[in-house]
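> So the sequences go chain by chain: A and B. In my numbering, each residue carries its 1-based index in the first sequence increased by 36. In my numbering, each residue carries its 1-based index in the second sequence increased by 36. C-beta atoms are modelled at their ideal positions from N, C-alpha and C, and glycine is treated no differently. Keep in mind it's a predicted model, so treat the numbers as computed, not measured. One structure, pasted below without further comment.
There are 2 protein chains.
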Amino acid sequence: MQEPLVERAVVLAEGRFGVATSKTATCLVRYVPERVVAVIDSTKAGQVAEDVVGCGGAIPVVASLKEALRFEPKMLVIGIAPIGGGLPPEYRTVVVEAIRAGLHIVSGLHYMLNDDDELAALAKEHNVRLVDVRRPPDNLPVGQDEAWLLPIFRVLTVGTDCSVGKMVAAWELTRALRKAGINARFCPTGQTGCMLAGWGICVDRVISDFVAGAAEALVKAAADAEIAVVEGQGSIYHPGYSGVTVSLIHGTAPNLMLLCHQWGRTHIKAYTTPIPPLRRVVEDYQRIASFTHPSRVIGVSLHCADLDPQTARSICAETEQALGIHVTDPVRLGMEHMADLVISEFVKWKSSQRS
Amino acid sequence: MQEPLVERAVVLAEGRFGVATSKTATCLVRYVPERVVAVIDSTKAGQVAEDVVGCGGAIPVVASLKEALRFEPKMLVIGIAPIGGGLPPEYRTVVVEAIRAGLHIVSGLHYMLNDDDELAALAKEHNVRLVDVRRPPDNLPVGQDEAWLLPIFRVLTVGTDCSVGKMVAAWELTRALRKAGINARFCPTGQTGCMLAGWGICVDRVISDFVAGAAEALVKAAADAEIAVVEGQGSIYHPGYSGVTVSLIHGTAPNLMLLCHQWGRTHIKAYTTPIPPLRRVVEDYQRIASFTHPSRVIGVSLHCADLDPQTARSICAETEQALGIHVTDPVRLGMEHMADLVISEFVKWKSSQRS
């Protein structure tokens with residue numbers, strides 16, 4: 037289960053390699069650069085990842101699969117998530133070429149490669165695997181409200197909206213916890229997280245009745261660790277996705293929640309729905325969690341990407357002052373102190389479990 | 037869309053015809069007795085529906101499909117929802133027999149008859165339809181937060197738990213509104229409701245990201261009526277299904293909510309989760325609805341099935357006194373006054389829309 041899904045990978049991001057246009061490709065070169073041998077984008081060929089997305093070091097950007105093959109890849113990873121989730125024709129051509137070259141294909145698209153008769157037959161012929169990361173496992177159960185009984189401490193990232201850094205916050209918190217000597221496990225619920233971690237369930241493809249059960253299954257699968265850090269989805273304020281968020285809360289039964297927000301965002305993206313003041317957001321999340329089990333927001337992960345580091349630092353400090361809980365930018369200011377706070381709660385919980 | 041799905045139907049409830057054991061069969065004979073020609077249950081053959089489930093009048097209960105055929109049915113409706121949602125072997129035999137006799141089959145099972153190669157081929161051969169009520173439509177959209185913009189007043193039934201009468205309350209309220217001269221439309225979200233109304237979407241089969249969109253689609257489809265009464269599902273307190281409930285709230289954007297509760301129930305059925313005091317339940321539902329649009333709980337539909345009518349009446353009166361909103365048992369005490377309260381709010385809303 038913890039075996040890497042992504043290894044010696046060529047990441048396909050043709051025409052779209054960039055922080056805003058290829059979230060999956062960017063997260064792969066940022067977090068697992070040692071598993072990426074090259075990125076394909078002919079419009080940026082000759083550069084290295086660091087030039088294009090500010091991370092990933094010397095990973096080369098190449099113009100074609102043919103060029104990428106000299107780095108001896110084992111797989112091709114589709115590094116974009118286009119609107120609608122389909123496989124663009126120009127991408128399909130590269131996928132076909134890669135299968136013929138003996139590469140496994142890893143895809144996080146809504147479009148299921150395994151349901152494509154032509155690709156499936158070709159993959160069989162060349163003895164390669166088509167991995168549809170978004171395909172949920174069969175026979176997920178209805179949530180049984182059992183996560184709180186497990187011998188593992190549970191932290192869930194929650195947010196004011198989509199795309200405010202819930203995956204990044206969960207990943208960075210896990211990393212900081214591990215650095216501090218805790219056996220922490222990142223539990224992914226979206227395609228990028230699943231590719232990074234090599235396991236997980238993409239809950240946006242799960243039938244509504246089973247989303248809480250999927251979250252519970254993730255926590256159960258991580259139960260040999262000390263702390264599970266579950267990647268949240270959506271927001272309780274999101275008119276389209278609020279149900280998914282609530283299912284993850286009740287399925288995870290988190291001991292703690294880490295609230296994620298993008299600085300300056302006042303409304304749900306693409307909707308007119310206002311985001312309440314953060315103090316109110318904290319109360320609302322705690323109230324909804326308490327329907328099944330009490331939970332507390334331990335701090336705020338504030339995505340300050342548009343600000344210079346000094347301004348980001350002072351905004352985090354001001355927000356911390358106003359809310360009375362720790363606030364940090366996970367990428368610029370780090371998650372170390374947040375991890376310490378989590379560990380302190382974990383230790384209390386552990387000793388209460390013993391008694 | 038409003039064409040009856042169920043007509044001249046034989047309802048199959050072999051071995052299980054009863055209020056507690058065949059919810060679908062019971063609701064069909066209670067609410068659309070004129071569309072049911074017979075019920076099959078060999079263990080109760082010779083009786084009439086009224087003897088067995090207290091409603092449905094003289095609808096005969098027969099021992100076999102063969103006997104039922106003399107009432108010249110057009111279709112066989114599967115009147116049970118067994119745990120797991122499969123098609124029991126003894127039911128399958130009757131379904132095969134019915135297809136051979138030229139009857140259409142209507143099923144609300146999780147098991148999709150159309151995906152069963154043998155049944156699908158047989159149906160084609162005999163030129164009959166297999167209607168899988170639970171199959172959601174393809175290409176449901178993500179909720180767009182547009183229901184509140186429609187020229188229709190929206191009422192959603194919500195509950196303290198599953199099986200507390202949300203379908204019945206929505207159906208009875210629609211009936212009372214229509215009796216009062218309002219063009220009200222029942223919008224079903226579960227299999228029994230879909231069978232009764234001849235349309236709807238079973239949201240428990242919808243992929244999580246699209247449940248709010250499904251609710252919005254239902255309201256849009258009803259938008260030529262004056263009031264949409266949407267059947268709710270689950271409960272915000274249900275550890276397994278809370279996400280579905282929240283999606284329905286934000287997808288419907290209800291002007292009013294009607295809270296359903298079973299008298300005496302203190303915990304979520306089959307879970308240890310407590311149900312808060314009703315006053316708190318009202319607050320919680322109103323708070324969650326307000327994340328996207330303000331809404332108010334207009335009253336309580338109190339399911340008092342285990343009590344004698346006199347006790348039911350006084351319990352409703354006491355609860356009404358305590359909460360300060362109208363409380364009624366929908367089946368014993370009726371929904372007339374609730375309908376009047378809804379109409380009064382509808383009239384205010386309509387005049388505010390004009391101005």
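Using a Cβ-Cβ cutoff of 8 Å, what residues of the stretch 217-249 of chain A are near chain B? List them in chain order.
Val239, Asp240, Arg241, Val242, Ile243, Ser244, Asp245, Val247, Ala248 and Gly249
> Please report the distance separating the alpha-carbon of Glu154/B from that of Leu176/B.
Looking at the two C-alpha atoms, the distance is approximately 29 Å.
> Rounded to whole angstroms, what's the CA-CA distance from Met37/A to Ala74/A? Just pull it up for me.
Because Met37/A carries a pLDDT of 39, less than 50, the predicted location of this residue cannot be relied on, and the following value inherits that uncertainty. Approximately 25 Å between the Cα atoms of the pair.
> According to DSSP, what are the bridge partners of Met111/A?
Met111/A pairs with Ala45/A and His140/A.
> Whose Cβ in chain B lies nearer than 7 Å to the Cβ of His286/A?
Pro275 and Ser278
> If we cut at 7 Å on Cβ distances, does Asp152/B have a partner in chain A?
no
> From this set, Ala183/A, Ile379/A, Phe222/A and Ile135/A, which residue's C-alpha is nearest Ala393/A's C-alpha?
Absent from the structure is residue 393/A, since the part of chain A shown begins at 37 and ends at 391.
> Based on DSSP bridge pairs, tell me the residues matched to Asp168/B.
Ser143/B
> Who are Arg190/B's beta bridge partners in DSSP?
Ala264/B
> Please work out which residues of its chain come closer than 7 Å, Cβ to Cβ, to Pro366/A, disregarding the five sequence neighbours upstream and downstream, and give them in chain order.
Gly201, Val204, Ala205, Glu208 and Ser337
> Might you give, ordered along the chain, the residues of its own chain that have their beta carbon closer than 8 Å to the beta carbon of Gln389/B, omitting 5 neighbours on each side?
Pro187
> Which residues, taken in chain order from the stretch 181-196 of chain B, show a beta carbon closer than 7 Å to some beta carbon of chain A?
Asp181
> Can you tell which of Met293/B, Pro290/B, Ile272/B and Thr288/B has the C-alpha that lies nearest to the C-alpha of Leu284/A?
Ile272/B
> Which of the three DSSP states, helix, strand or coil, is assigned to His373/B?
helix
> Can you confirm whether Ala327/A, when its beta carbon is compared against all beta carbons of chain B, has any partner nearer than 7 Å?
Note that residue 327/A corresponds to Phe in the displayed sequence, not to Ala. Cβ-Cβ to chain B under 7 Å: yes for Phe327/A.
> Can we say the stretch 239-251 of chain B touches the stretch 177-184 of chain B, given the rule of at least three CB pairs closer than 8 Å?
yes
> Would you say Gly268/B faces chain A, with C-beta separation under 7 Å as the test?
no
> Going by the DSSP bridge assignment, what does Gly195/B pair with across the sheet?
Beta-bridge pairing links Gly195/B to Cys296/B.
> Under a CB-based cut-off of 7 Å, is Val178/B close to chain A?
Yes - at least one Cβ of chain A is within 7 Å of the one on Val178/B.
> Going by the DSSP bridge assignment, what does Pro310/B pair with across the sheet?
According to DSSP, Pro310/B bridges with His303/B.
> CA-CA distance, Glu108/A and Gln322/B?
58 Å
> Using CA coordinates, which residue listed in Ile334/B, Asp77/B, Trp299/B and Glu70/B is at the minimum distance from Asn291/B?
Of the candidates Ile334/B, Asp77/B, Trp299/B and Glu70/B, the one whose C-alpha sits nearest the C-alpha of Asn291/B is Ile334/B.
> Locate the beta strand (DSSP E) running through Val363/B, then write down its first and last residues.
His362 to Thr364 is the span of the beta strand (DSSP E), which, as asked, contains Val363/B.
> For the alpha helix (DSSP H) that Gly287/A lies in, which residues bound it at each end?
Ser278 to Thr288
> Can you look up Ser337/B in the DSSP assignment and give me helix, strand or coil?
strand
> Among the candidates Leu314/B, Leu123/B and Ala81/B, whose CA atom is the shortest distance from the CA of Ala104/B?
Ala81/B
> Specify, as a first and last residue, the run of the alpha helix (DSSP H) that Val255/B falls within.
Val247 to Ala257
> Buried or exposed for Asp376/A, please, with buried defined as at least 16 other CB atoms from any protein chain shown within 10 angstroms of its CB.
exposed
> Is it the case that the Cβ atoms of Leu101/B and Val130/B are separated by a distance below 7 Å?
yes
> Under 7 Å, Cβ to Cβ, is there at least one residue of chain A near Met37/B?
With a pLDDT of only 39 at Met37/B, under the threshold of 50, the placement of this residue in the model should not be trusted; the figure read from the coordinates follows. Not closer than 7 Å to any Cβ of chain A, the Cβ of Met37/B fails to qualify, so no.
> Compare the C-beta of Val255/B against all C-beta atoms of chain A and say whether one is closer than 7 Å.
no
> Does the stretch 356-375 of chain B come close enough to the stretch 231-245 of chain B that 3 or more CB-CB pairs lie under 8 Å?
no
> Along chain B, in chain order, which residues have C-beta atoms closer than 9 Å to that of Tyr307/A?
In chain order: Gln180, Asp181 and Thr328.
> Within 10 Å of its beta-carbon, does His373/B have 16 or more other beta-carbons around it, so buried, or fewer, so exposed?
A residue is called buried once 16 or more other Cβ atoms fall within 10 Å of its Cβ, and His373/B, having fewer, is exposed.
> Quickly, what does DSSP pair Ile243/B with across the bridge? List them, please.
Ile243/A
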